[in-house]
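Chemist: Before I ask anything, here is the structure I am working with.
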Amino acid sequence: MMRSLYSGVAGLKTHQTKMDVIGNNIANVNTTGFKSSSVLFSDVLYQTSANATGATATTGGTNASQIGLGAKTSSIQTSITQNGSAQTTNNTYDMMLSGSAFFVVSRGGTNYFTKVGSFGVDGSGCLVNGSGYQVMGWQVDPDNPNQIKKDTVSALYPESEDNKVSSPQMTTDAHLTGNIDMTDPELTSVDGRAISVSIYDALGYNYTVKFKLTQDQNQADKSLYNLEIVSIKDSNNIEITGTDDPTTATVEGGYKATIGGANSIQVKFDAGTGNFEYVGAAGQKNAMLEIKPNNPNEKGDVFQSVINGEAVDGIDVNFSYLTRFESNGKSTVKAVRGAADSTGGGRSMGKLNDVSIDETGKLYGVYTNGETKLLGQISVATFANPMALEALGNSVYTTTQNSGYFDGIGTSVDEDGGKISQGVLEMSNVDLSAEFTDMITTQRGFQANSRIITTSDSMLEELVNLKR
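For reference, each letter of the sequence shown is one residue, going 1 to 468 in full-length UniProt numbering.
Shown next, in the form of structure tokens:
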């Protein structure tokens, strides 16, 4: 009977432990990224009152007689790899991490791990969680701004002072596109076909260049066309061209504008290819538009490009996309800033407008001037036995001897088959229906074990009462 008393006590303790775990699960049913735990019981030592015996020629074998000494808590396991449901927040730095990986966060130089992707930025532009832990990842390769350098993880600063501004770039390319109809009356008029294009210098100042396209009347087949600069205006719409010099257009403030070394260039239609080509020096297929300050210390840097292997100031203008077909006497020629592959268009200075995060954790800055710049990548950590991680509170974990260790570099989330979702948070994975069912069975188990004690006490009382 004394053994049954202690077995009952052991049962009460184990069921109380299980109730504590259930209570913690239910308390965190709405905690972002919380991982529920479960308790496993096991029996304890047995007292053997009779050993097992083997069979003989005259007697059979007998089993051992053992009396159990109750139950104990075998383990408390956390469902750390089971994802909770997703909650859409549309916040820029809210992220949900699917799969078995963990975000890497750091405080005081020590790395920790979390499933909670509720992040923001601090005063220095560093990506942090709600408790001030820095979010760790990889930086942009300084030798290649479009690549990530996968090295030892470090704090990410998507909104640092350097990332808040996108530097301007000068326009290096432009191209003409559309169709020329040789019967278009605009082409034979004094004003010609009006064409304009907006360009930028190296400091981001904007200019509008206006051309006129006219047909060379000296050609019987009407295949030769002249493209002439009419005016150049700055961002204040102030015209900065105008001169009697046929090769340059002297502009206000000491600027001048030329095309291919002259104010007027010629493009010729090739009947064999159906395209137009620039008529110029040998090897020159494109015209060069130049806007150059006589005094380099004045507004903006010069435009610079390369032609025939030599650096020159100018914008490469490509005419090869023009066609010449009959179109009811109307031409559709227009100038487009940048090359046909959208490079070389230039841009003004831009301010950081938004941060986009793709499924691999790469952060991109989206700027008001249209540039998208790589800012870094979030690194994640994986473990051979993630359930062995030790919870420290604040939704962070640390490694143990049985979980495996973090190598300091981490991995990309997609290498483990997972992904990062922006504007989404992972909710608790607590299943209330399962928790309440476990609560009922735990309560009944606790009651049954308490009955062991009261019944054993009654039996002891009867034994004591044998002597009155």
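Beta carbons: idealized from backbone N, C-alpha and C, even for Gly. From a predicted model like this one, the values you see are computed outputs, not experimental measurements.
1. Alpha helix (DSSP H) containing residue 434: first to last residue?
2. Going by DSSP, what residues sit across from residue 364 in a beta bridge?
3. Output needed for residue 297: all residues of its chain with C-beta closer than 8 Å, excluding positions within five of it in sequence on either side, in chain order.
4. Let's test the definition: count the other Cβ atoms within 10 Å of the Cβ of residue 101 and tell me whether it reaches 16, buried, or not, exposed.
5. Confirm, please, whether the CB-CB distance from residue 125 to residue 157 is below 9 Å.
6. Using only the alpha-carbon positions, how far apart do residue 123 and residue 20 sit?
7. Can you say whether residue 282 is buried or exposed, counting buried as having 16 or more other CB atoms within 10 angstroms of its CB?
8. The alpha helix (DSSP H) spanning residue 10 covers which residue range?
9. So what's residue 86 in DSSP terms, helix, strand or just coil?
10. Mind reading off the beta-carbon distance from residue 155 to residue 170? Whole number of angstroms is fine, and I expect it under 8 Å.
11. For residue 359, tell me which candidate among 338, 413, 366 and 408 has the shortest Cα-Cα distance.
12. Check each candidate in 322, 330 and 382 and name the one with the smallest Cα separation from residue 174.
13. Classify residue 487 as buried or exposed, calling it buried when 16 or more other Cβ atoms lie within 10 Å of its own Cβ.
14. Please report how far the alpha carbon of residue 190 lies from the alpha carbon of residue 361, in whole angstroms.
15. Residues in its own chain within less than 7 Å of residue 15 by CB, not counting five upstream and five downstream?
16. Please state whether DSSP places residue 187 in a helix, a strand or coil.
17. Of all the options 166, 392, 388 and 394, which has the alpha carbon lying nearest to the alpha carbon of residue 402?
18. In three-state terms, what does DSSP make of residue 416?
19. In terms of residues, what are the limits of the beta strand (DSSP E) holding residue 113?
20. So residue 187 and residue 219 are in contact, right, with Cβ under 8 Å, and what is the actual spacing, rounded?
21. Should residue 325 go down as buried or exposed, given a rule of 16 or more other Cβ atoms within 10 Å for buried?
22. Look at the alpha carbon of residue 428 and the alpha carbon of residue 364, and state the distance between them as a whole number of angstroms.
23. Please report the straight-line C-alpha distance between residue 172 and residue 193, rounded to a whole angstrom.
24. So residue 88 and residue 423 are supposed to be a Cβ contact under 8 Å. How far apart are they, rounded?
25. Would the segment 91-99 and the segment 61-69 be scored as touching if the rule is three or more Cβ pairs under 8 Å?
26. Would you list the residues sitting across from residue 335 in a DSSP beta bridge?
27. Alpha carbon to alpha carbon, how far is residue 51 from residue 70?
28. In terms of alpha-carbon separation, which member of 195, 267 and 128 lies closest to residue 223?
29. Any idea if residue 426 is buried or exposed, counting beta-carbon neighbours within 10 angstroms, 16 or more meaning buried?
30. Buried or exposed: where does residue 335 fall if 16 or more other Cβ atoms within 10 Å of its Cβ makes it buried?
31. Which residues in the same chain as residue 371 place their Cβ atom closer than 7 Å to its Cβ, once the five residues preceding and following it in sequence are excluded?
32. According to DSSP, is residue 427 helix, strand or coil?
33. Taking the Cβ atom as the reference point for each residue, do residue 421 and residue 36 lie within a distance shorter than 9 Å?
34. Between residue 374 and residue 83, what straight-line distance do the alpha-carbon atoms span, to the nearest angstrom?
35. Which one of 367, 397, 27 and 211 has the shortest CA to CA distance from residue 159?
36. Go to residue 81, then tell me how far its beta strand (DSSP E) extends in each direction, as first and last residue.
Modeler: Reading from the atomic positions:
1. Boundaries of the alpha helix (DSSP H) around residue 434: 432-464.
2. 356 and 374
3. Because residue 297 sits at a pLDDT of 43, beneath the cut-off of 50, its placement in the model cannot be relied upon, and the following sentence gives the value as read from the coordinates. Same-chain partners within the cutoff: there are none.
4. buried
5. Yes, Cβ-Cβ distance for residue 157 and residue 125 is below 9 Å.
6. 40 Å
7. Here the model assigns residue 282 a pLDDT of 48, short of 50, so the residue's position is not dependable, and the following value carries that caveat. Classification for residue 282: exposed.
8. 2-27
9. strand
10. In fact, because the Cβ distance is near 34 Å, the residues do not count as touching under 8 Å.
11. The option with the nearest alpha carbon to residue 359 is 413.
12. 322
13. Nothing can be reported for residue 487, as the shown portion of the chain is limited to 1 through 468.
14. Looking at the backbone, the Cα of residue 190 and that of residue 361 are separated by about 58 Å.
15. 442, 445, 446 and 449
16. Reduced to three states, the DSSP call for residue 187 is helix.
17. 388
18. helix
19. 110-114
20. Actually they are not in contact, since the Cβ atoms of residue 187 and residue 219 sit about 12 Å apart, beyond 8 Å.
21. exposed
22. 29 Å
23. 24 Å
24. 6 Å
25. The answer is no - the segment 61-69 does not touch the segment 91-99, with fewer than three Cβ pairs under 8 Å.
26. 176
27. 20 Å
28. 267
29. buried
30. buried
31. 166, 347 and 350
32. Note: residue 427 maps to coil in three-state DSSP.
33. Not in contact: residue 421 and residue 36 (Cβ atoms no closer than 9 Å).
34. Note on geometry: alpha-carbon atoms of residue 374 and residue 83 lie some 29 Å from one another.
35. 367
36. Counting along the chain, residue 81 sits inside no beta strand (DSSP E), nor does DSSP assign it H or E at all.
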